[in-house]
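Residue numbers (our numbering), protein chains in the order written: chain A, 1 to 174; chain B, 1001 to 1174.
Ideal Cβ positions, reconstructed from N, Cα and C, are used throughout, including at glycine.
Reading through the structure tokens given below for one structure.
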DNA sequence: CCATATGGGTCAGCCTTGTTGACATAGTTC
DNA sequence: GAACTATGTCAACAAGGCTGACCCATATGG
């Protein structure tokens, strides 16, 4: 093989490079979800349940509309899975104190355990990939991924400002 | 485990870092597909059609079973979208020469044009992310992504012939 | 206090895209 | 000629999106 290149970016920005990126994202996402999918199937749940469990776990006492904002789906779609999760005892709801209309969501103990198991495979996959690739590569990965994420979701990953509960309801001076 | 590092990787391999990776992949994939989805909707097609058009474009004269292998779906699922694409004149089929049972698939001109338009938005998104992140980051991105892809699909991205473990390649000798 | 806006839920129906299972038809191979 | 293989097709089902319509309870502003 001849590899005439000098410099660290032999294929940078070229057509083939872009196509590889596209395909890598497709295959990585597919494999990334496959293990959890299998686990969910055994509980008669789907990927949507996982996402709800995941984000409720990440944002305890999140309101339904904030969760909808993160997921980017309609309340009818959410309702279908959410009510199953509540009925099956993975998530509990309680009225908001300052706004009694809100139903704040939180994982039950059972839910926490479920979340742990479900996300475990994905964490392991990332841990392996990160370990094999090395710290510097991970930084690069994060930069590229960030560049592909739009608008609101992007803020989740920006330094500093980061972590107010995901809501425009923070008009609060409270 | 505690943070031993100082320098550019403060969170490396820690729980939070892994969760960020998981979330980034989720949001990036979602945004990555959204533009093409909108375009497909205007043509009354779905994401599945895009994938078929994409991979047939990448592998002209591919057989149906090879395509099934790449996509990882059942022939019934493929059949549904494939026959639409054939009927609508985006893909043509012809008998294999050495094996008359095969129906080799190829994009028509119309199909090529469609593929170009559909993938354009995704290429642009990658090009932007790559450009903003820089060549070195792109290398890191590729390493990490590769580490998350399983088995057969992985080989698509390995340098021809050699199987080396992922995790090097910066300035590998030659 | 009342009108209206908002948070949340629900019913009903539709679409895409995946799944099984059964079966059909050519063409290849032994 | 039998058996296997590549492909297609019918039928039924499930998940998880969507829209539209309508409801209830609570907040909020005049």
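Same chain, Cβ closer than 8 Å to residue i, neighbours up to 5 away in sequence not counted
i                       : result
residue 1052 of chain B : 1067, 1071, 1078, 1081, 1082, 1085, 1091
residue 55 of chain A   : 62, 67, 70, 71
residue 1047 of chain B : 1033, 1036, 1037, 1040
residue 1121 of chain B : 1035, 1036, 1039
residue 154 of chain A  : 146
Proximity test, residue i beta-carbon vs the ligand MG heavy atom, cut-off 8 Å
i                       : result
residue 1073 of chain B : Questions concerning the ligand MG fall outside what the structure shown contains, since it holds no ligand whatsoever.
Close-in-space but distant-in-sequence residues of the same chain around residue i (CB under 7 Å, 5 per side omitted)
i                      : result
residue 138 of chain A : 130
residue 43 of chain A  : none
Closer than 7 Å at the beta carbon, the chain B residues around residue i
i                     : result
residue 89 of chain A : By Cβ distance, chain B contributes nothing, its closest Cβ being about 24 Å from residue 89 of chain A, past 7 Å.
residue 27 of chain A : 1149, 1153
Chain A residues whose Cβ lies nearer than 7 Å to that of residue i
i                       : result
residue 1143 of chain B : 133, 137
residue 1129 of chain B : 144, 147, 148
Contacts of residue i in chain A (Cβ-Cβ under 8 Å)
i                       : result
residue 1031 of chain B : 148, 149, 150, 153
Within 9 Å, strictly: CB atoms of residue i and residue j
i                       : j                       : result
residue 28 of chain A   : residue 1025 of chain B : yes
residue 148 of chain A  : residue 1031 of chain B : yes
residue 1125 of chain B : residue 15 of chain A   : no
residue 89 of chain A   : residue 111 of chain A  : yes
Whole-number beta carbon distance between residue j and residue i, since they are thought to touch under 8 Å
i                       : j                       : result
residue 119 of chain A  : residue 1022 of chain B : 7 Å
residue 1115 of chain B : residue 1104 of chain B : 17 Å between Cβ atoms; not a contact.
residue 1144 of chain B : residue 157 of chain A  : Wrong, their Cβ atoms sit about 15 Å apart, outside the cutoff.
Extent of the continuous beta strand (DSSP E) to which residue i belongs
i                       : result
residue 1095 of chain B : 1091–1095
residue 105 of chain A  : 103–107
The alpha helix (DSSP H) enclosing residue i, as first and last residue numbers
i                       : result
residue 18 of chain A   : 15–42
residue 141 of chain A  : 135–148
residue 1073 of chain B : Per DSSP, residue 1073 of chain B belongs to no alpha helix (DSSP H) and is neither H nor E.
residue 1151 of chain B : 1151–1155
residue 1057 of chain B : 1047–1058
Cβ-based neighbour list, residue i, same chain, cut-off 6 Å, excluding 5 preceding and 5 following
i                       : result
residue 1060 of chain B : 1106
residue 102 of chain A  : 63, 96
Chain B residues whose Cβ lies nearer than 8 Å to that of residue i
i                     : result
residue 24 of chain A : 1142, 1145, 1146, 1149, 1157
residue 45 of chain A : Chain B residues near residue 45 of chain A: none, gap ~17 Å exceeds 8 Å.
Chain A residues whose Cβ lies nearer than 9 Å to that of residue i
i                       : result
residue 1123 of chain B : 15, 18, 19, 21, 22
Within chain B, partners of residue i - CB distance below 9 Å
i                     : result
residue 74 of chain A : Near residue 74 of chain A there are no residues of chain B at all, since even the closest Cβ is about 15 Å away, more than 9 Å.
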